[in-house]
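Structure, as structure tokens:
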Amino acid sequence: MVTLTLDKIFNPGSIAIVGASDEEGTVGYILMKNLTELGYKGSVYPVNIHKSEVLGIKAYPSVEQIPEVVDLAIIATPAKTVPDVVEQCGKAGITGIIIISAGFKEIGPPGKALEDRIIEIKKKYALQIIGPNCLGIIHPDIKLNATFIPKTIKSGSIAFISQSGALGSAILDIATHENIGFSNFVSVGSMIDVDFGDLIDYFGTDPKTMSILMYIEGVTSARKFISAARHFARTKPIIVIKAGRFIESAKAAASHTGALTGEDMVYDAAFKRAGVVRVEEIGDLFNCAEALGRQPLPRGPNLAIITNAGGPGVMAADATIARGGKLARLSPITIETLNAILPPYWSRSNPIDILGDAKADRYRAAVEACFRDENVDGILIIYTPQGGSIPADIAKNIVDMCRAEGFCKTYLTSFMGYEDVEEANRIFTQNGIPTYYTPEQAVATFMYMYQYKRNLELLYETPAELPVDSVPPKRPIIMTIRDAARENREILTEAETKQILDHYNIPVVKTMIARTADEAVIHASQIGYPVVLKILSPQVIHKTDAGGVALGINSDTGVREAFDTIVRRVREYNPEAQIQGVTVQRMVRSKGYELILGARTDPLFGPVVMFGRGGIDVELYRDVSIGLPPLNQTLARRMTEDTKVYQLLKGYRDLPPANIILLEEIMVRFSQMLVDFPQLKEIEINPLLVDQKEAFALDARAVIDKERMFAKFEPYAHLVISPYPEKYKTFWKLRNGRTVLLRPIKPEDEPLWLEMLRNASEETIRYRFFETMKVPLAHEFSARYTNIDYDREIAIVAELEEDGHRKMLGAVRLFVEPDGKNGEIVFAVADPWQGQGLGLKLVDYIIEISKDKNLETIHAVMMQDNYRAIGLMKEMGFNLEFPSDGTVKAVLNLKEEETAAQDIIQKGEEGLQAPSGEEEAAKE
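Numbering (the numbering used here), first residue to last: 1099 to 2022.
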């Protein structure tokens, strides 16, 4: 397992320091001092080719001459020597390596060549490498400081991962001053091997780590990062600060989508999809981690602000609105309650100004009133030193109230000042209520907490089922793209693009191509007036800007005039443009909403979907949101909600509401198209006209990736989130002759999954979950079993249709470990369907899927009295083990089976090819 190898790095029993030195000020010297003088109890072996000892400890000329197999090697030698040192480590059986040395790809091609050599050696010996060009690691619990920072840090529950060594060092210094503790610190450097995804996997399973903080400049393996983050985000907050927010990355865009979807927006979309909280400032990292570790998440964005001074209250209100939050609308009962306990001239609104002379009893009463208000999701309590109030008394009263009522809402405080409020802040901190120097810091933390909740909802919300055909005919689309590639074209025509959209049941306006004015008249007559004419030219990207659009044409004469006019205008606009004619289409008269739906291929995250306000001024308003395919109904809805135009879509003035459900269906189909066709580099519908009843793609264009057209690649390798695995659908007959569908589970299955559990006995549930549980289960629990990451987990369900209703009869689940080599299976069949051979079939099928995923071993853990499951495992060829915890573990070594099968085949072939001695004698 990857995590076991990383344990050699983070929990080493012995360490070799290659480049150890007794020369003060050198990296090798500081490493030696840190590892020998700060309390690390393991063995330390200096390696220095020129010295027999370093700091009084015997030194060795190479790692191969150390008398034991060392867990971890730390390399701090010149870059040109590092590949040879790594090779020596591999030969010596050292699997964990940290490369401190710099001078690799950051200096250009010579350094990159050194990295390439190291990567080849890593593969040869199955090494795990952190770095190069990194600061190292710190594990406070075992007093391991494998960095050249000469200090200790406090033990705690935060794992901090930094891509910048210098910034990491500075943040550690800040944390030490603020008395913040860490479970681990890692400086990752250039990440030629171990990256953010590996470390999330490792710290996600570390019982000491409660939250993961990261400083990121760029992700290397996007798919691994998102998969790991999605897996652990629900149980351990992952908080990120990402540098480079305003890098220009769309200067040469061939579409509005390319111009509007910069690198940072794509990172934002990826973080949201993975359940990661993104913060803006270094201080926010720790503020957010503390609050998420000590306070319940707010149910919504509605914040009540209680203050004894008007100014800070208004500042907090401004900050709340600026960050997308809402000032809680106090209920009439709350207003009446506050009227009774506050002076007559209180603010009577939120922020709740309880006036400068407020003492502990008034604060407590105001907080209690807000606590009881269902409209309030969080409470910010602000105090400024004035009057005769005692801040420590106020703090004690608030804490007592919170304890009495239960910490079921989010409480944050900002007791402004230093010495005057020091005791009050200490009381809050000791009792799990975060406190901040300024109201803006508190508001920022509240909104990050709400963002985290929203991201988790996005991960586990059960989407509605949409009538979307996920398997349209692909051959016609491939032919369209291939024809363009053979003609050395990257840009598809409007008509070609609409043909592709039509195959995915995305409504388009029928479009015909006319090379001459006469052809345009013929097409217009066939379509029916009024019509629209648009220029057809690969060089004209934005037709309206070039004067290449004519709307509402009502006659043959009008068509001829429009044809000549737009051709003339386009020639004036771009004399070099190749004009191929015009397109003719029906004029759609609708008081609908003009939207844009587009996609482009990001070099790191693959295809990204963009939705927003469309039309000719799309780049002026820049009202768009970004998502990663594949989309479902929930993800599509969230994308629309994240735009300002969404408020318009709900109806505005004389415009009725748009057909949101139809819009979501179109977005899901559009997303599936991106899943199916990595050859689409960019594609855009603008405008997508949506009204109360229907929708039409009025204009569309696409850019293809010619290199991908004729290249071979793994299915879905262009995606960072694995799509629904259609290939695992199959049919099978129960013993009673009824046919069931075996298929992968999907998020929309939550109601069926819960119904299956309701049909299961208490014993069946105990065998499956190792405890008894009452159904219905909480959504957060059940969604974990239906909304899964197909890279890490596959659940195959057996589905039967009965009386027009679908039923789930049983399920088998495969959990793939992060190393991609081993897996665990669990299975259960609802009681009414036991005895039909279904359990045997499900296990048999998941074994075949495990082979398809190239797993080496799979195992199942069962209760000792689950005799039927144990017997089934024996029948399927699993070997039984009996751990000390009272369970039974069944193990199947697929690699050994495959090797044995290959040996039999090879021997059989040799037997057929080699004549026997008797045959030779007969020939003689």
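All C-beta atoms, glycine included, are put in the ideal place defined by N, C-alpha and C.
> When we look at the beta-carbon of E1559 and count the other beta-carbons within 10 Å, is it buried (16 or more) or exposed?
Replying inline: E1559 should be labelled buried.
> Since R1667 and G1696 are thought to touch, with beta carbons under 8 Å apart, how far apart are those beta carbons, to the nearest angstrom?
Replying inline: Between R1667 and G1696 the beta-carbon gap is near 26 Å, outside 8 Å, which marks them as no contact.
> To the nearest angstrom, how far is it from the Cα of T1862 to the Cα of K1306?
Replying inline: If you draw a straight line from the Cα of T1862 to the Cα of K1306, it comes to about 33 Å.
> Three-state secondary structure (DSSP) at T1591?
Replying inline: Correct three-state label for T1591: coil.
>> Are there any heavy atoms of the ligand PLP lying less than 7 Å away from the beta-carbon of I1620, as far as the coordinates show?
In response: Judged by which ligands are present, the structure shown has none, so any question about the ligand PLP falls away.
>> For Q1683 and P1574, I'd like the C-alpha separation in whole angstroms.
In response: One C-alpha to the other measures close to 22 Å.
>> I need the straight-line Cα distance from T1609 to P1705, nearest angstrom please.
In response: The alpha-carbon atoms of T1609 and P1705 are separated by roughly 27 Å.
>> Just to confirm the assignment, what range does the beta strand (DSSP E) spanning Q1683 have?
In response: Counting along the chain, Q1683 sits inside the beta strand (DSSP E) bounded by residues 1679-1684.
> To which residues does DSSP link R1711 through a beta bridge?
Replying inline: Paired residues: L1693.
> Under 8 Å between the Cβ atoms of Q1226 and L1104?
Replying inline: In this structure, L1104 lies closer than 8 Å to Q1226 by Cβ.
> In chain order, what residues of the same chain lie with their CB nearer than 7 Å to the CB of N1652, ignoring the 5 residues before and after it?
Replying inline: Here N1652 has Y1627, P1628 as same chain residues with Cβ atoms under 7 Å from its own Cβ, once five neighbours each way along the sequence are excluded.
>> Can you look up G1650 in the DSSP assignment and give me helix, strand or coil?
In response: Three-state DSSP puts G1650 in a strand.
> Is it right to say F1202 is buried, meaning 16 or more other beta carbons lie within 10 angstroms of its own, or is it exposed?
Replying inline: Under a 10 Å Cβ-count criterion, F1202 is classified as buried, with 16 or more other Cβ atoms of the shown protein chains found around its own Cβ.
>> Which residues does DSSP list as the beta-bridge partners of T1828?
In response: Partner(s): L1840.
> How long is the line joining the alpha carbons of P1441 and G1454, rounded to whole angstroms?
Replying inline: Those two C-alpha atoms are separated by around 11 Å.
> How is K1349 classed by DSSP in three states: helix, strand or coil?
Replying inline: In this prediction, K1349 scores a pLDDT of 44, lower than 50, which makes its location untrustworthy; the coordinate-derived value is nonetheless stated afterwards. For K1349, the three-state secondary structure derived from DSSP is coil.
> If you run the structure through DSSP and keep just helix, strand and coil, what is D1700?
Replying inline: Three-state result, D1700: strand.
> Could you give the residue range of the beta strand (DSSP E) that holds I1236?
Replying inline: For I1236, the enclosing beta strand (DSSP E) covers residues 1234-1237.
>> Spatial neighbours of N1991 within its chain, please: C-beta separation below 6 Å, excluding the five flanking residues on both sides.
In response: Around N1991: T1955.
>> Quick check on DSSP: helix, strand or coil for P1144?
In response: In the displayed model, P1144 falls within a strand according to three-state DSSP.
> Can you name the residues that DSSP bridges to F1513?
Replying inline: Beta-bridge annotation (DSSP): F1513 is paired with Y1481.
> If you check the beta carbons only, do I1173 and G1117 fall under 8 Å apart?
Replying inline: A contact, by the Cβ cut-off of 8 Å.
> Is the region 1147-1163 in contact with the region 1182-1190, if contact means three or more CB pairs nearer than 8 Å?
Replying inline: Yes, they touch.
> Is it the case that the Cβ atoms of I1764 and A1800 are separated by a distance below 8 Å?
Replying inline: Cβ atoms of I1764 and A1800: not closer than 8 Å.
>> My assumption, with CB atoms under 8 Å, is that G1679 sits in contact with A1612. Please give the rounded CB distance.
In response: That pair is a contact at about 5 Å.
>> With H, G and I counted as helix, E and B as strand and the rest as coil, what does DSSP make of D1296?
In response: D1296 falls in the helix class under three-state DSSP.
> Measuring CA to CA, which of R1698, Y1365, P1755, Y1535 is closest to E1520?
Replying inline: It is Y1535.
>> Pull the bridge partners of I1639 from the DSSP assignment, please.
In response: According to DSSP, residue pairing for I1639 in a beta bridge does not occur.
>> Per the DSSP calculation, S1253 is bridged to which residue(s)?
In response: According to DSSP, which records beta bridges pairwise, S1253 is partnered with F1280.
> Mapping DSSP to helix, strand and coil, what is E1920?
Replying inline: For clarity, residue 1920 is Asn in the given sequence; the question names Glu instead. Strand.
> Does the distance from the CB of I1337 to the CB of L1297 come in under 8 Å?
Replying inline: Cβ atoms of I1337 and L1297: not closer than 8 Å.
> Counting along the chain, where does the beta strand (DSSP E) carrying Y1795 start and finish?
Replying inline: In the sequence as presented, Tyr is not what sits at residue 1795; that position holds Ala. 1793-1795 is the span of the beta strand (DSSP E), which, as asked, contains A1795.
> Can you tell me the Cα-Cα spacing of A1066 and M1312, whole angstroms?
Replying inline: No answer is possible for residue 1066: the residues shown for the chain start at 1099 and end at 2022.
>> Just to check my reading of the structure: I1403 and I1450 have Cβ atoms closer than 8 Å, yes? What is that Cβ distance to the nearest angstrom?
In response: Contact annotation, I1403 with I1450: C-beta distance approximately 7 Å; criterion of less than 8 Å satisfied.
> Unbroken alpha helix (DSSP H) runs of length 4 or more, entirely within the region 1128-1208: which are they?
Replying inline: 1180-1189, all fully within the region 1128-1208.
> Considering only residues of the same chain and omitting the five flanking positions on each side of A1350, which have a CB-CB separation below 6 Å?
Replying inline: Confidence in A1350 is poor, its pLDDT being 42 and thus under 50, which makes the residue's placement unreliable; the coordinate value appears in the next sentence. Counting only residues of its own chain and dropping the five nearest sequence neighbours on each side, A1350 has no CB closer than 6 Å to any other CB.
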